[in-house]
Amino acid sequence: MNRRFAMAMAALLIADVVGAAGALKLCDYRSPQTDLTSLWLSANYRYFDSPTTPGVDVNAGRAVVSFNKLYDSPNLGYTLAGVGDLGLVNLGLSDVATQASGTLRYYIAEQEPYFGFAGFEGGYATGQPLPGLRMSVGAGYGRFSNVTPLAKAFRIQSILLERKAISTALPDDTILAVGKEIGRRIEYADVKDLVATVVRLLEGASGTKLDARTILMVEDEILATGRERYCGWAVQAGLGYEVVDPYDGPRDLVVTAAADAAYAPEPGSQLLLRAAAAGPFDILNQHTLTVTASYERVLDEISSFQGSIALQRVKPVDADAVDSISSTFQISFLVGGANIGISLSFGKVANATEWSKDLSISLALKLL
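Here it is, written out as structure tokens:
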């Protein structure tokens, strides 16, 4: 079943990429400053005790937290990321898989993608004697950009089409101009002035007059939060030092390499990728590899999908590699006054031969 969900996640992503194959793409937009935060929480717990069977039948649950923070300015940038997967049985921890990383980047020149960095990588999984932690410094290439203003411009176009305020899609240069104005929001003393500028651009390109209700919906979209999108990539390499060896081995000087990527195929979706590797100069015989991926997609006004995968491989010197994997896929719905969630998780801790599987369905309904 985990393969089916992974295939479904890939199918959603491919559909996004194909659907975003037009002339103007979100990742064509460049912002002077980026400051975005994403936090996801998925949790479930079930207790069931049948009088017909001895003991408690089910007393277990799982919680998964995923966090991403990105800041990028002309001279300085930083990235923070973390994933925590906790399994609970009889109100106690049964298995743990966590990863955390951070990178501080100093750009050599404004608007140029070359940077020096200092960062850390850490992680712990059930089966490791100790959590691993290493610090590193080095150089890299790449930048990230907040494309949320252009995503808002595309969503405003969708509003106009749905309300039949316009009969055809707006020209790309108009969409881009609207996005740039939204991106300059901090320069406007009053948001009403920004809305008026955006409305003038829309009416000038479409040749129609927008009604008061439509203008209010445009303003709501400009002010909306919670659907931030960003694009970009960065690669870096350097030297690091193992502050804590996960298998209580010698703390070595290590070679490090990492790659980060963010892609927004269309206004309703976001893909984040990260891969990092570290080891001594004999890196093939001893290394730590971490890979994380997360994907979010708004399906419609009442439903959304989110999936994440985290892999950690620790290869001790002259010993077999130990793998830990966790993945979570969830769909949430808002139906009337009810919040319905479906969550499916898979995990494989170090030294385990089988995958753990966890399916939960939740419902919250206010009757009065």
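Using the working numbering, read the sequence shown as starting at 1477 and increasing by one per residue.
For each residue, glycine too, the CB sits at the ideal point set by N, CA and C.
Contacting residues, own chain, Cβ-Cβ under 7 Å from residue i (five flanking each side not counted)
i, result
"Asp1758", "none"
"Arg1631", "Glu1697 and Pro1743"
"His1763", "Ala1753, Ala1754, Gly1755 and Lys1791"
"Leu1686", "Ala1641, Val1675, Leu1678 and Glu1679"
"Ser1549", "Gln1509"
"Gly1558", "Phe1543, Gln1575 and Ala1576"
"Thr1673", "Glu1657"
"Ala1828", "none"
Within 8 Å, strictly: CB atoms of residue i and residue j
i, j, result
"Ala1848", "Gly1614", "Summary: the structure shown does not reach residue 1848, with the chain confined to residues 1477 through 1844, and so no result is reported for it."
"Leu1787", "Thr1766", "yes"
"Tyr1523", "Val1534", "yes"
"Val1825", "Ala1576", "no"
"Val1565", "Ala1536", "yes"
"Gly1817", "Ser1808", "yes"
"Ile1658", "Thr1684", "no"
"Gln1837", "Gly1823", "Note on identity: in this sequence residue 1837 is Ile, with Gln being the wrong assignment. Not a contact, by the Cβ cut-off of 8 Å."
"Gly1599", "Pro1607", "yes"
"Lys1556", "Gly1578", "The sequence as given places Leu at residue 1556; Lys does not occur at that position. Yes; because the gap between Cβ atoms is below 8 Å, this pair is in contact."
"Asp1721", "Asn1761", "no"
"Asn1544", "Ser1819", "no"
"Ile1651", "Ala1665", "no"
"Arg1619", "Gly1708", "yes"
Among the options, the one whose alpha carbon lies nearest that of residue i
i, options, result
"Tyr1505", "Phe1822, Asp1649 and Thr1684", "Asp1649"
"Val1731", "Asp1525, Ala1499 and Gly1595", "Gly1595"
"Asp1724", "Val1790, Ser1802 and Ser1621", "Val1790"
"Leu1502", "Leu1729, Ser1770 and Val1654", "Val1654"
"Val1623", "Arg1705, Ala1681 and Ser1570", "Arg1705"
"Thr1510", "Pro1625, Thr1829 and Ser1770", "Pro1625"
"Arg1773", "Thr1602, Ala1710 and Gly1702", "Gly1702"
"Gln1806", "Trp1709, Glu1830, Asp1834 and Ser1549", "Asp1834"
"Ala1738", "Ser1621, Pro1722, Leu1678 and Thr1690", "Ser1621"
"Ile1785", "Leu1760, Pro1589, Ser1770 and Gly1531", "Ser1770"
"Gln1633", "Leu1515, Gly1783, Glu1695 and Leu1749", "Glu1695"
"Ala1688", "Leu1810, Val1671 and Ser1682", "Val1671"
"Pro1845", "Leu1637, Ala1681, Asp1796 and Ala1828", "The first residue shown for the chain is 1477 and the last is 1844, placing residue 1845 beyond what the model contains."
"Leu1517", "Ser1832, Val1532 and Ser1542", "Ser1542"
"Ala1627", "Leu1515, Leu1699, Pro1726 and Gly1603", "Leu1699"
"Leu1567", "Val1532, Thr1673, Thr1513 and Gly1708", "Val1532"
"Ser1821", "Pro1726, Gly1783, Asp1799 and Ala1797", "Gly1783"
Residue i: first and last residue of the uninterrupted alpha helix (DSSP H) it sits in
i, result
"Asp1696", "Ala1688 to Leu1699"
"Leu1678", "Val1667 to Ser1682"
Nonlocal neighbours in the same chain, by C-beta distance under 6 Å from residue i, ignoring five residues either side
i, result
"Tyr1430", "No answer is possible for residue 1430: the residues shown for the chain start at 1477 and end at 1844."
"Val1667", "none"
"Ala1751", "Ala1735 and Val1767"
"Ala1733", "Ala1713 and Ala1753"
"Asp1571", "Gly1563, Thr1602 and Val1825"
"Ser1507", "Ser1621, Asn1622 and Gly1659"
Residue range of the beta strand (DSSP E) that includes residue i
i, result
"Arg1522", "Thr1510 to Phe1524"
"Val1711", "Tyr1706 to Val1720"
"Lys1545", "Val1534 to Asp1548"
"Ala1733", "Leu1729 to Tyr1739"
"Asp1428", "Any property of residue 1428 remains undetermined from this structure, which presents the chain solely from 1477 to 1844."
Beta-carbon contacts of residue i that lie in its chain and below 8 Å, excluding the five residues immediately before and after
i, result
"Val1494", "Legend: pLDDT at Val1494 = 45, less than 50; position of this residue unreliable, no value from coordinates given."
"Met1611", "Ala1594, Gly1595, Phe1596, Gly1716, Tyr1717 and Val1719"
"Met1693", "Ile1635 and Arg1639"
"Tyr1617", "Pro1589, Tyr1590, Phe1591, Ala1710, Val1711 and Gln1712"
Residue-chain proximity (residue i, chain E), Cβ-Cβ < 8 Å
i, result
"Asp1728", "This model lacks chain E altogether, as it is built from one protein chain only."
The ligand HEM heavy atom lying under 7 Å from the CB of residue i
i, result
"Pro1741", "Of the ligands one can find in the structure shown there are none, so the ligand HEM has no counterpart to examine."
Worksheet entry | Entirely enclosed beta strand (DSSP E) segments - the stretch 1583-1652, minimum 3 residues | With a minimum length of 3 residues, the continuous beta strand (DSSP E) runs that stay inside the stretch 1583-1652 are 1590-1601 and 1608-1622.
Practice prompt. Quick one: which unbroken beta strand (DSSP E) runs of 3-plus residues sit fully inside the stretch 1752-1786? Chain order, please.
Written response: Listed in chain order, the beta strand (DSSP E) runs fully inside the stretch 1752-1786 are 1763-1776, counting runs of at least 3 residues.
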